[in-house]
Amino acid sequence: TRDPLPGLPHRALTLDRVSPALKTARRRGRRAAALYIDLDRFKQVNDTLGHDVGDALLKMLVAALRGALRATDTLGRLGGDEFVVIAEELDGPQDAARVAENILNVARRPFDAEGRALFTPLSIGIAMDGDPDEDAAALLRHADTAMQAAKSGGGGTYRFFMPEMNAEAMARLEIERDLRKAVDAGQFVVHYQPKFAVDDLRLVGVEALARWRHPEKGMIPPGDFIPVAEQTGLIAAVGGAVLREAMRQSVEWRRRGLPPLPIAVNLSVRQLPDETACLPLLAVIEQEEADPALLELEITETTMMDNIRQIIPALRRLRDAGVSIAVDDFGTGHSSLAYLRKLPITTLKIDRSFINDVEDDADSAAIAATIISMGRQLGLHVVAEGIENIGQLAFLRRHGCDMAQGFLLARPMPAAELEARFGDGAAWRRADA
Ligand code: C2E
Ligand code: MG
Ligand code: MG
Numbered sequence: 029t030r031d032p033l034p035g036l037p038h039r040a041l042t043l044d045r046v047s048p049a050l051k052t053a054r055r056r057g058r059r060a061a062a063l064y065i066d067l068d069r070f071k072q073v074n075d076t077l078g079h080d081v082g083d084a085l086l087k088m089l090v091a092a093l094r095g096a097l098r099a100t101d102t103l104g105r106l107g108g109d110e111f112v113v114i115a116e117e118l119d120g121p122q123d124a125a126r127v128a129e130n131i132l133n134v135a136r137r138p139f140d141a142e143g144r145a146l147f148t149p150l151s152i153g154i155a156m157d158g159d160p161d162e163d164a165a166a167l168l169r170h171a172d173t174a175m176q177a178a179k180s181g182g183g184g185t186y187r188f189f190m191p192e193m194n195a196e197a198m199a200r201l202e203i204e205r206d207l208r209k210a211v212d213a214g215q216f217v218v219h220y221q222p223k224f225a226v227d228d229l230r231l232v233g234v235e236a237l238a239r240w241r242h243p244e245k246g247m248i249p250p251g252d253f254i255p256v257a258e259q260t261g262l263i264a265a266v267g268g269a270v271l272r273e274a275m276r277q278s279v280e281w282r283r284r285g286l287p288p289l290p291i292a293v294n295l296s297v298r299q300l301p302d303e304t305a306c307l308p309l310l311a312v313i314e315q316e317e318a319d320p321a322l323l324e325l326e327i328t329e330t331t332m333m334d335n336i337r338q339i340i341p342a343l344r345r346l347r348d349a350g351v352s353i354a355v356d357d358f359g360t361g362h363s364s365l366a367y368l369r370k371l372p373i374t375t376l377k378i379d380r381s382f383i384n385d386v387e388d389d390a391d392s393a394a395i396a397a398t399i400i401s402m403g404r405q406l407g408l409h410v411v412a413e414g415i416e417n418i419g420q421l422a423f424l425r426r427h428g429c430d431m432a433q434g435f436l437l438a439r440p441m442p443a444a445e446l447e448a449r450f451g452d453g454a455a456w457r458r459a460d461a
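Numbered per the working numbering, the sequence shown finishes at 461, counting up by one with no gaps.
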């Protein structure tokens, strides 16, 4: 394999450099730090512009970095687009922060890669020497952990390692390990939160919400495991299990003679990497003998718009099969009106944060009202979520919103409870609010 960056110390060599640096620092009463650097969008550059452009970019970056570092700093490459700077002769963390700032400044200017202006935001994690018996490997590991924290905060910045990050990383690892078993053991439970027509509070649908019944930790909310499932590629299995259970439930209600009840299931964009990814979803509906017309898939606005080109073909196929598509947490992203018209979507769900504030924040009220009227003009259903009081419901009535969902009307609940509270022989009961 060719090395686009000859002359840069590699992983082993870099590690060799760390221990003496730590020792010297200690002896002289100075500090040393490892700065772990990762390019935020290198894969994208390689994928879209090709490896030659990627290599050229790395070369320019390294040259620029060298110019920004001090004589006492060592630059090494850990592989791929990951670099490390061992900074010595520091008085304290503030000096390490300055080194990080200098590095980030380098990356704020565009690089000219074969005639293209490329920006390469970086994430940097800093670990200071501390512990007398901390070895080089541990220091780099801590810097790596801090880098990942910088990246998960959006990138383009630096973070110092903090011991809590280890605890968080451990907790995530544990969840990841247990999650793999949970898929096979069928530990996912689906709760259903009713949606009601705003005008007469009749039950018009439910949203399926995943819970994980962990054998030791009890019920785990989706916010604690969906992101891990997304990052580890387990989301297809988890999401598939939730969809299957929801479809099974839909058919069971039909067999009991209850009127058809639309079910909304949340979908991660990671479940739609390409057009064919909709096939296993459609297969689940078919295998459970469910009615696709009763299924709505919810995708959050931000992730939908960030991946729109990638997911449109799959969304079209799902629409063609009769499945509805809702844009979840709408209002927080940056959809353009012109664009929305072209998307194969059926429903907008106004984000809870706007509903929460409609009574005392004029901006939120204006946004909610605008979404409602815009949705109507585009021929879309509009659902408001997070209704917690009568005032918010009155606001929705005044503005002609179709549907409402929220703790005021009903919380998410197991299917059996939903039947007990809202099933009335061969009909669904209204809410009372
Ligand atoms: P979401 O799709 O926006 O779901 C609505 C969330 O708001 C639910 O939280 C629900 O319990 C909560 N909620 C509903 N009404 C109220 C209210 O009046 N006040 C307040 N404060 N909260 C209310 P939950 O069940 O914890 O779900 C959180 C998020 O997790 C969901 O947000 C969804 O994005 C994600 N999620 C849940 N299940 C799945 C799943 O099966 N697959 C995927 N990919 N994501 C899921
Ligand atoms: Mg949702
Ligand atoms: Mg939502």
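Just so you know, even glycine gets a beta-carbon here, dropped at the ideal spot from N, CA and C. Note that the structure is a prediction, hence the values are computed from the model and not measured.
C-alpha gap between residue i and residue j, whole angstroms
| i | j | result |
| --- | --- | --- |
| T100 | P48 | 13 Å |
| T29 | A236 | The predicted model places T29 with a pLDDT of 48, which falls under 50 and marks its position as unreliable, so this point remains unresolved. |
| L346 | P222 | 23 Å |
| M193 | F253 | 17 Å |
| G268 | E244 | 24 Å |
| A459 | A438 | 8 Å |
| G82 | V90 | 12 Å |
| R337 | P255 | 22 Å |
| P515 | P138 | Residue coverage of the chain in this structure runs from 29 to 461, which leaves residue 515 outside it and unanswerable. |
| G35 | R298 | 39 Å |
| S363 | R54 | 54 Å |
Collapsed DSSP secondary structure at residue i in the structure displayed
| i | result |
| --- | --- |
| E235 | strand |
| M247 | strand |
| M175 | helix |
| I373 | coil |
| L310 | helix |
| Q72 | helix |
| G268 | helix |
| R137 | coil |
| N294 | strand |
Residue i beta carbon near ligand 2 (any heavy atom closer than 7 Å)
| i | result |
| --- | --- |
| E235 | yes |
| D388 | no |
| E273 | no |
| E116 | no |
| E326 | yes |
Pair within 8 Å by beta-carbon distance, residue i and residue j
| i | j | result |
| --- | --- | --- |
| R45 | I152 | no |
| D68 | G181 | no |
| A84 | A155 | no |
| V312 | A265 | no |
| L50 | A60 | yes |
| E314 | R276 | no |
| G359 | I400 | no |
| D119 | F70 | no |
| G107 | T42 | no |
| M431 | V226 | yes |
Where residue i falls, given that 16 or more other Cβ within 10 Å makes a residue buried
| i | result |
| --- | --- |
| D140 | exposed |
| R283 | exposed |
| E413 | buried |
| I373 | buried |
| R169 | buried |
| D388 | exposed |
| G451 | buried |
| W456 | buried |
| T66 | A small correction: the amino acid at residue 66 is Asp; Thr does not occupy that position in the sequence shown. Classification for D66: buried. |
| G78 | exposed |
| M198 | exposed |
| M247 | exposed |
Contact test: residue i Cβ vs ligand 1 heavy atom, cutoff 7 Å
| i | result |
| --- | --- |
| L376 | no |
| L295 | yes |
| A238 | yes |
| R380 | yes |
| P250 | yes |
| Q221 | yes |
| F253 | no |
| F435 | yes |
Contact test: residue i Cβ vs ligand 3 heavy atom, cutoff 7 Å
| i | result |
| --- | --- |
| E314 | no |
| R439 | no |
| E416 | no |
| E467 | With the chain running from 29 to 461 in the structure shown, residue 467 is simply not present. |
| D357 | yes |
Residue-level contact to chain B via CB, residue i, 8 Å cutoff
| i | result |
| --- | --- |
| P121 | Within the model displayed, chain B is absent; a lone protein chain is all it includes. |
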